[in-house]
Every structure is written in C-alpha cells, then in structure tokens.
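Working notes for the structure below.
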Amino acid sequence: MKPTIVACLVFSLLGFSNFINAASIPSNAAASLPFDEESVPSNAERIPSFGRIVGGSEVDISDYPYQVALLYSSSQICGASIISHSWILTAAHCITSNTVSRYSIRAGSNYRYSGGVTRAAGNIYVHGSYTSASSSGYDIALIALQSALTFGGTINAVDLPSPNVNIPSGTNAVTTGWGDTVEDGNGSSRLRGVTVPIVTNNECRSSYGNRITSTMLCAGLTSGGRDACQGDSGGPLVASGYGQVGIVSWGRGCARPNYYGVYSRVPALRNWITTVTISSNKPSTYHSFTNIMKKTVFILYFLPLILGFTVENLKTTAPLLNGRIVEGWPIAIDVVPYQVSLAFYNYHLCGGSIISAQLILTAAHCIKWRFISLYSIRAGSSIRSLGIQVGAAKVYKHEKFNPASLDYDIAIILLQSHLGIQKGIQPVSLAPANIEIPDGTAAVVTGWGSMVENGTISTYLQAVSVPIVSRNVCKERYGAHKITENMICAGYSEGGRDSCQGDSGGPLIAHDYGQIGIVSWGYGCARAGSYGVYTNVPVLRKWITNITGI
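Letter by letter, the sequence shown follows residues -22 to -1, 1 to 528 in mature numbering (1 follows the signal peptide of the UniProt record, and there is no 0).
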C-alpha cells in the first residue's frame, strides 16, 4: 500500500540563540556558582566559579594558533578560539553586556595586550538555553567578526569534533590562556598551557553533584595541581585526534584536590555551532539581539478547515511529501532574518525566504489555490503568529511545475508593499547559477513545521543541520525517475534529523553558498533511509533572475 501523501510543510527546534544583557562586566568575567546543600558536599566552601590555568607552562602561539584573547573595552576578560576566518567560539558567561561594539579579539600573539591583530565583534550569539554556567550548562557563545582574519603561522582555526562524539576518560587534553597562575592571583601576561586528563561525568559528580549535565565535560587530576584559572574562561580545551572538545567554563577554585575543571562539552553542542555559523546571513551587518525566550514552549495548533482541507491532511498525487523539521533546535529570527511564514487565510501553511524587500521565494506546491489575496507572509519574528504581515499581490509559479512529481517546485510571491529591511528582516543571499554543492556539505533548514511526523506545527521557529547527499544516493532511495536535476537531497541515512510538515517552501542554507534549496518533499519525517528532497536553487537560479532581476 502506498503511503499517505502529505504536502511538505514543517520544522524542529534549533538551539535558540539569545543575547544576555547586563549592566556591567566583572573583571574576571566569571559566572556565579549558586550551589545548594543537596548538590554539593556539606563541607564544600561556597566560592564563585572561574575559568582558570595552574601548574602549566609558557607556550608559543604558533603551536596554538587558534587561541585568542577576548577583550571588552580593550581589557582582556576571557579566552576564546578561532573556528573560521570570521567566527570565534567562547563561553556564554563571558558575554555579560549587550554593547557588542565594545567587544573585540586579539589573535596571533603570545601576549594579551600587544602584538598580533585585533578584530571587532560584529554580532554575538549566546545559546538560548544558557542561564548560568554551573546551573544550566549550555555555556557557549559565538562571535561573528566585523572583518575576517587572515590565516598564517600564528593565526588559524581549531578543528571541531563530530557531533556527540564520545571523548574517552583518560584522554589528555590541553587548555590554554592568560588566566591566573595561582588561585586569586594575577593574570599571566604571556600565553600558558596545561595538560589535563578527561574524566567521566560520573566521576565529576562526586565533586559537584547533579550540577554536571550532558553539556558539560570535566578534566583534571584528583590530586589537583593542574587546572585552568581566572581569566581563562571561554578558552579552548583541545584533545589530539578530536580537536576542541571543551570550553573553559567553571569549577571550584583553581587546581584544588578533588575538584575538576568543568568545560562546555563541544561535541554535545556541535550542531548548535553549525546551525548558527551556517544560517547567519551577513553577520557583520547585524547587532545584538535580546533574550526572546528562556524556555521552549509547545502549543498544540490545529488548522481549522479552509475550503475543505487542513494542513495535516492536505493531499497531492506525489509521494509522501513533507516539508519538515525533526530533532532540531529553537532559533532566533535575528540569526535567520530571511525566514518568513507563508499563511493562507491567516493560517500558517508553509515557509519562505526574503530575496528582496518585496519578493518571497517559496515552493510552488505551497500555492495551491487561486485566491491570491488570501495569501500573506509574516516576517521579523521567531513566533509564527507575530511579526510584520504583508499580503500577496501576485504569484509566479514555474511554468514547468509538476504537482505530481514536484519537479520545478519553485514559486515567487510579489508582496503588496515593501518590507522594511531591518534587524530580523533581511534578504537571503542566493547561490550562484549552476554551482555544484559538494556531497557532505553542511546545510541548515529552518521553519515552523512539525517536530515529529504527523505532529502539530511548532509555535517557535526551529532549525536543523543536515548534510548534502549525492544525487545518485538519493536516486537509490527514491528511484532514478523521481530525483531530477532540479532537486537536491540532504539528510542522514539513519534518519533522526529532517524538516517536516509545515516547513515546505522554507530555505536550505549552506555556508559560503547562500540559499541552495527550498523544502519540497520526502517520505515521512526523519525516517531512516529517506532523505529530504529540496528544490535545487542553483539549477533554477536563472529562472529566478528572469522573474525578479536578482
């Protein structure tokens, strides 16, 4: 029996990025450690947490070219690491002011206040689940630089581990920074490093109790003597063969016996890093965004009958089709300001992307009815029912669109009035015509679709990272005649992450390329062996140009 056919619409949660506001930055940029009696041994002294380096030695920046000093008003407050020409990785607790213009980094120098090069921050993204380093985990932030770094002998990117890879207990790792060389001492003027072994989270809980979560990683010696210290917060913990496995986060004192150093676990947060760095559109032109939400809330939403259909049971003659997002994270609209919700009679139907102040790119199968005046888009909000609403004036479907096979599944909507280009509302960059996207390229898809197959639509914008899959592999799954040159596939053979119903028409973005796809169809949502199928934007780029001049 053939599977039920559902039009692509969806989305699952993407690590919602937010920005932490504070009146000022403390001199050591350390997060407070609000211990309670149940989670800490009764004889434990209550002191603040630190990012920290004790028992190490001076090292040379040429051996650790990814290390940078994070500065606030020209004063070093934390460490950080280079992950690409334009992106810096650090700890969320280092970011305590919303004045982005005061942040900068120094790269390529052994010294925190001289030498090397400096770059100003263009935007800062803090994980949306972060509240404090020691209580919530998720102590991670990304800084988009205003201008790119030039790589060389003393400036280069650190490797990042694969998502959720396990780092064996006993693995030696090196942490570097300019922090204090003794507890409550003065910061080092020259870069230092120390080697510490990874310990299991269960071992670490013997020191800190249930504060140790799955997004934390511990390292150090039970005898103490070697550790990071105040001023090293945000710096990298790097293990040979894995890359950067941790970010200096917190701990009790510096190198104390029986108290390990606690780091943000990079493999557990790898997908969030990928999502933010890939999906952020022209980051240097944006400024900080406020903390929109601290908790993900799911509201059951059922689309009432409109002209005899609902989003959940809408049928076509194509294969089981779902625009969709499963196993993703909540994301702020500031990270993906090109994303819009396409509504019919004020009910969310599909996603879309802004390509100019008056033009929206979406899937042709989302435009099923002739009543163009009943279509509208919402822009500028992570919540699908909020933001600026503008009605559709005209729709251009590809003249070769086939509703049965979903070949040429592309449409452009001309709005009744211009969108005001501003923070949260920006056009996406489109991939060049006929460019080939390499297999394995990481891409991000966003939307408000279902978070499970046949589930309800999400209230909050979601995102998920998926790799591009070769056309031949995709044809093996769906049949050679179903996957045309106008389609591109992405996803995992084992399933687990995908877009879903309600995400149809939304953008698929790849770093350095821009929008490469439009959510189109697939079998179910995140099913094993079933990839997501997207309209191939580079192949249809000339059609877009002919219609829009873009």
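Cβ atoms here follow ideal geometry from the backbone N, Cα and C, with glycine treated the same way.
Everything numeric in this text was worked out from a predicted model, so none of it was measured.
**Prompt:** Just the Cα atoms here: how many angstroms apart are residue 419 and residue 167?
**Reply:** For the purposes of this step, residue 419 is taken as residue 441 along the sequence shown, with counting starting at 1. For the purposes of this step, residue 167 is taken as residue 189 along the sequence shown, with counting starting at 1. Their Cα atoms are separated by approximately 40 angstroms.
**Request:** May I ask which residues mark the beginning and end of the beta strand (DSSP E) holding residue 442?
**Result:** In the sequence shown, the residue the question calls residue 442 occupies position 464. 440 to 447 is the span of the beta strand (DSSP E), which, as asked, contains residue 442.
**Asked** Given a threshold of 16 other Cβ atoms within 10 Å of its Cβ, counted over all protein chains shown, does residue 150 qualify as buried or as exposed?
**Response** To locate residue 150, count along the sequence shown from 1; it is residue 172. Answer is exposed; the Cβ neighbour count stays below 16.
**Request:** Taking only the alpha-carbon atoms, compute the straight-line gap between residue 103 and residue 250 and give it to the nearest angstrom.
**Result:** Within the sequence shown, numbered from 1, the residue matching residue 103 stands at position 125. Within the sequence shown, numbered from 1, the residue matching residue 250 stands at position 272. One C-alpha to the other measures close to 11 angstroms.
**Request:** Tell me where the beta strand (DSSP E) around residue 513 begins and ends.
**Result:** As a working mapping, residue 513 is identified with position 535 in the sequence shown. Segment 510 to 514, the beta strand (DSSP E) holding residue 513.
**Item:** Selection from 408, 55 and 132 that minimises the alpha carbon distance to residue 487
**Value:** Against the sequence shown, residue 487 aligns to sequence position 509. Of the candidates 408, 55 and 132, the one whose C-alpha sits nearest the C-alpha of residue 487 is 408.
**Request:** Grab the span of the alpha helix (DSSP H) containing residue 78 for me, first residue to last.
**Result:** Sequence index remark: in the sequence shown, residue 78 carries index 100 (1-based). Neither: residue 78 is in no alpha helix (DSSP H) and is coded neither H nor E.
**Message:** Assuming contact is defined by CB atoms lying nearer than 9 angstroms, are residue 389 and residue 339 in contact in what I supplied?
**Reply:** As a first step, residue 389 is located in the sequence shown; it is residue number 411 there, counting from the start. As a first step, residue 339 is located in the sequence shown; it is residue number 361 there, counting from the start. Contact flag set, yes.
**Prompt:** Which first and last residues belong to the alpha helix (DSSP H) in which residue 526 is found?
**Reply:** For the purposes of this step, residue 526 is taken as residue 548 along the sequence shown, with counting starting at 1. Where residue 526 is concerned, the enclosing alpha helix (DSSP H) stretches over 519 to 526.
**Prompt:** Per DSSP, what kind of secondary structure is residue 375 in: helix, strand or coil?
**Reply:** Residue numbering aside, residue 375 sits at position 397 when the sequence shown is read from its first letter. Three-state result, residue 375: strand.
**Request:** Mind the definition here: the segment 443 to 451 touches the segment 309 to 316 only if three or more C-beta pairs lie below 8 angstroms; say whether that holds.
**Result:** no
**Alpha carbon of residue 57 to alpha carbon of residue 361, nearest angstrom** = In the sequence shown, counting from the first residue as 1, residue 57 sits at position 79. In the sequence shown, counting from the first residue as 1, residue 361 sits at position 383. About 34 angstroms.
**Request:** Identify every run of the alpha helix (DSSP H) within the segment 39 to 94, keeping only runs that are complete inside it and at least 4 residues long; order them along the chain.
**Result:** none
**Asked** Where does residue 307 sit, in a helix, a strand or coil, going by DSSP?
**Response** As a working note, residue 307 is residue 329 in the sequence shown. It is a strand residue.
**Message:** Tell me which residues share the same chain as residue 137 and place their Cβ nearer than 6 angstroms to its Cβ, disregarding the 5 neighbours each side in the sequence.
**Reply:** By one-based count along the sequence shown, residue 137 stands at place 159. Answer for residue 137: 221, listed in chain order.
**Prompt:** According to the neighbour-count rule (16 or more other Cβ atoms, all chains shown, within 10 Å of its Cβ), is residue 522 buried or exposed?
**Reply:** Locating residue 522 in the sequence shown gives position 544, counting from the first residue. Its Cβ being crowded by 16 or more others within 10 Å, residue 522 is buried.
**Asked** Helix, strand or coil: which one does DSSP assign to residue 347?
**Response** Against the sequence shown, residue 347 aligns to sequence position 369. Of the three classes helix, strand and coil, the one that applies to residue 347 here is coil, per DSSP.
**Prompt:** Helix, strand or coil for residue 245 per DSSP?
**Reply:** To locate residue 245, count along the sequence shown from 1; it is residue 267. In this structure, residue 245 counts as helix in the three-state DSSP scheme.
**Prompt:** By Cβ distance below 6 angstroms, which residues in the same chain neighbour residue 121 in space, the five residues on each side in sequence not counted?
**Reply:** Your numbering for residue 121 matches position 143 in the sequence shown. Cβ within range, chain order: 66, 99 and 102.
**Asked** Given 8 angstroms as the limit, is there contact between the segment 86 to 95 and the segment 237 to 255, that is, 3 or more CB pairs closer than that?
**Response** no
**Through-space distance from residue 225 to residue 367, alpha-carbon basis** = Locating residue 367 in the sequence shown gives position 389, where the first residue counts as 1. Locating residue 225 in the sequence shown gives position 247, where the first residue counts as 1. Roughly 41 angstroms between the two C-alpha positions.
**Prompt:** What's the gap between the Cα of residue 381 and the Cα of residue 375?
**Reply:** Walking along the sequence shown from the start, residue 381 turns up at place 403. Walking along the sequence shown from the start, residue 375 turns up at place 397. Taking the straight line from one Cα to the other gives about 11 angstroms.
**Stretch-stretch touch, CB-based, cutoff 8 angstroms, three pairs: the segment 395 to 411 with the segment 346 to 353** = no
**Asked** Cα-Cα, which of 414, 410 and 422 is closest to residue 448?
**Response** Numbered from 1 along the sequence shown, position 470 holds the residue referred to as residue 448. Among 414, 410 and 422, the Cα nearest to that of residue 448 is on 414.
**Message:** Am I right that residue 147 and residue 96 are in contact with their C-beta atoms under 8 angstroms? What's the rounded C-beta distance?
**Reply:** Within the sequence shown, residue 147 is the residue found at index 169, counting from 1. Within the sequence shown, residue 96 is the residue found at index 118, counting from 1. Not a contact, Cβ separation roughly 39 angstroms.
**Prompt:** Anyone know if the C-beta pair for residue 83 and residue 46 falls short of 9 angstroms?
**Reply:** In the sequence shown, residue 83 corresponds to position 105, counting from 1. In the sequence shown, residue 46 corresponds to position 68, counting from 1. For residue 83 and residue 46, yes; Cβs fall inside 9 angstroms.
**Message:** Can you tell me whether residue 270 is buried or exposed? The criterion is at least 16 other CB atoms within 10 Å of its CB, across all chains shown.
**Reply:** Along the sequence shown, read from residue 1 onward, the residue named residue 270 stands at position 292. Model confidence at residue 270 stands at a pLDDT of 23, short of 50, so the residue's coordinates are unreliable; what they give is reported in the following sentence. Looking at its Cβ environment, which holds 16 or more other Cβ atoms inside 10 Å, residue 270 is buried.
**Request:** Might you give, ordered along the chain, the residues of its own chain that have their beta carbon closer than 6 angstroms to the beta carbon of residue 290, omitting 5 neighbours on each side?
**Result:** Locating residue 290 in the sequence shown gives position 312, counting from the first residue. Legend: pLDDT at residue 290 = 30, less than 50; position of this residue unreliable, no value from coordinates given.
**Environment of residue 85 [buried if 16+ CB atoms lie within 10 Å]** = Position 107 of the sequence shown, counted from the start, is the residue given in the question as residue 85. Counting Cβ neighbours within 10 Å, residue 85 comes out buried, since at least 16 surround it.
**Message:** Going by beta-carbon coordinates alone, are residue 402 and residue 365 separated by less than 9 angstroms?
**Reply:** In the sequence shown, the residue the question calls residue 402 occupies position 424. In the sequence shown, the residue the question calls residue 365 occupies position 387. Taking 9 angstroms as the Cβ cut-off, residue 402 and residue 365 qualify as a contacting pair.
**Request:** State the DSSP-derived secondary structure class of residue 120, mapped to helix, strand or coil.
**Result:** Numbered from 1 along the sequence shown, position 142 holds the residue referred to as residue 120. Note: residue 120 maps to strand in three-state DSSP.
**Asked** How close, in whole Å, do the beta carbons of residue 424 and residue 484 come, if the pair is a contact with beta carbons under 8 angstroms?
**Response** Counting from 1 along the sequence shown, the entry for residue 424 is found at position 446. Counting from 1 along the sequence shown, the entry for residue 484 is found at position 506. With 8 angstroms as the limit, residue 424 and residue 484 qualify as a contact, their Cβ atoms being about 6 angstroms apart.
**Prompt:** For residue 466, which residues does DSSP report across the bridge?
**Reply:** Reading the sequence shown from its first residue, position 488 is the one you call residue 466. For residue 466, which the question treats as bridged, DSSP gives the partners 512.
**Three-state class that DSSP yields for residue 251 in the structure shown** = What you label residue 251 is simply residue 273 of the sequence shown in a count that begins at 1. Residue 251 falls in the helix class under three-state DSSP.
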